[in-house]
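Protein chains in written order, with the working numbering: chain A, 748 to 853; chain B, 7 to 167. Structure record follows, encoded as structure tokens.
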């Protein structure tokens, strides 16, 4: 299966998605979690285009990828804006989720 | 040339995994965002190699150009603990970025050798979006507008507690 270089692209896209999920589970900082989610998104986007290419639907795959890129970029902008505004206004003293839980419990 | 292109695709895939690992594991958030930008660029190079030239263009302009830069600027406003020891980030990032540039150059040189099995016409893409996905496009446009308004409102909300 790994004989073709494009099959290696498939494996690497899966690996990148898995690394992103690992980062999402490992980190406690919400911005870091968002960053890991974006890493995972990149892997999944490559996988989407690869599947569209393999199944001979390149047009549909590229259109879906365009939509996904647009939604992801607006979601990233919105999430970071909310996070920074909360941090700036003092609602968040820290960006660490465990410390946030402790503050809420107090 | 074909062998060179195959090697370039293998190297791009390895580079993609390296950037993903660095983005997830680096201590500094700013450098993580920088590696995310490089990951997006490598992804765009692979899209180009697979024949999705327009998606690669959108990925570079919209995703890497706008989103990740916004993320880097926002995150760099946070105070970070100073890192001790010798920083390996600059030489490593420089070397990897030069390799990436070389790979992109190989892809552009080899684009005449038909590396991409599919060549997607933009007119067909636009036709399909208009004919089959008009409602989805409308909803997406409204979502973008709403997201933009919300981002600007939230970001410009001043006053320190």
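Where a beta carbon is used, it is the ideal one built from N, C-alpha and C, also for glycine.
Exercise. Verify the CB distance criterion: does residue 752/A have a CB-CB separation below 7 Å to chain B?
Key: yes
Self-check item: Whole-Å CB distance - residue 114/B paired with residue 10/B, under 8 Å assumed
Solution: 12 Å between Cβ atoms; not a contact.
Exercise. Could you list the residues in the region 790-809 of chain A with a C-beta less than 9 Å from some C-beta on chain B, going in chain order?
Key: 790, 792, 793, 796, 797, 799, 800, 803, 805, 806, 807, 808, 809
Practice problem: Taking only beta carbons into account, state which residues of the region 58-89 of chain B come closer than 9 Å to chain A, listed in chain order. | Solution: 58, 60, 61, 64, 65, 68, 69, 72, 73, 74, 76, 77, 80, 81, 83, 84
Quiz item: How about residue 128/B and residue 60/B: do their beta carbons lie closer than 7 Å?
Solution: yes
Quiz item: Do residue 766/A and residue 26/B have their CB atoms nearer than 7 Å?
Solution: yes
Quiz item: For the alpha helix (DSSP H) that contains residue 46/B, what are its first and last residues?
Solution: 35-56
Quiz item: Taking Cβ-Cβ distances below 7 Å as the criterion, which residues of the region 35-60 of chain B are in contact with chain A?
Solution: 35, 38, 39, 42, 45, 46, 49, 52, 53, 56, 57, 58, 60
Exercise. Indicate whether the contact test is met: 3 or more Cβ pairs, each with one atom in the region 815-827 of chain A and one in the region 60-77 of chain B, closer than 8 Å.
Key: yes
Quiz item: How long is the line joining the alpha carbons of residue 823/A and residue 13/B, rounded to whole angstroms?
Solution: 34 Å
Practice problem: Going by CA-CA distance only, name the one from 161/B, 18/B, 38/B, 153/B that's closest to residue 55/B. | Solution: 18/B
Exercise. Could you name the residues of the region 103-114 of chain B whose beta carbon sits closer than 7 Å to any beta carbon of chain A, in the order they occur along the chain?
Key: none
Practice problem: For residue 791/A, collect the residues of the same chain with a Cβ closer than 7 Å to its Cβ; drop the 5 residues on either side in sequence, then sort them by chain order. | Solution: 764
Quiz item: How long is the line joining the alpha carbons of residue 793/A and residue 16/B, rounded to whole angstroms?
Solution: 14 Å
Quiz prompt | Min CB distance residue 135/B to chain A below 7 Å | solution = yes
Quiz item: Mind checking if residue 832/A is an interface residue toward chain B, Cβ cutoff 7 Å exclusive?
Solution: yes
Quiz item: residue 772/A touches chain B at which residues, Cβ-Cβ below 8 Å?
Solution: Those do not exist, as residue 772/A stays about 11 Å from chain B at its closest Cβ, beyond 8 Å.
Quiz item: Would you say residue 26/B reaches chain A, if we count a Cβ-Cβ gap shorter than 7 Å as a contact?
Solution: yes
Practice problem: From the DSSP output, in three-state form, read off residue 775/A for me. | Solution: coil
Self-check item: CA-to-CA distance, residue 57/B to residue 757/A, given in whole angstroms
Solution: 15 Å
Practice problem: Please look up how many angstroms separate the CB atoms of residue 48/B and residue 106/B, rounded, as I've assumed it's under 8 Å. | Solution: 6 Å
Quiz item: For residue 815/A versus residue 796/A, is the C-beta distance shorter than 7 Å?
Solution: no
Exercise. Specify the secondary structure class of residue 780/A as computed by DSSP and reduced to three states.
Key: helix
Self-check item: Cβ-based burial, residue 817/A [other Cβ within 10 Å; buried from 16]
Solution: buried
Practice problem: Using the Cα positions of residue 821/A and residue 43/B, report the straight-line distance between them to the nearest angstrom. | Solution: 16 Å
Quiz item: Does the distance from the C-beta atom of residue 102/B to that of residue 51/B stay below 7 Å?
Solution: no
Self-check item: Neighbour list for residue 813/A in chain B, Cβ cutoff strictly below 7 Å
Solution: 61, 64
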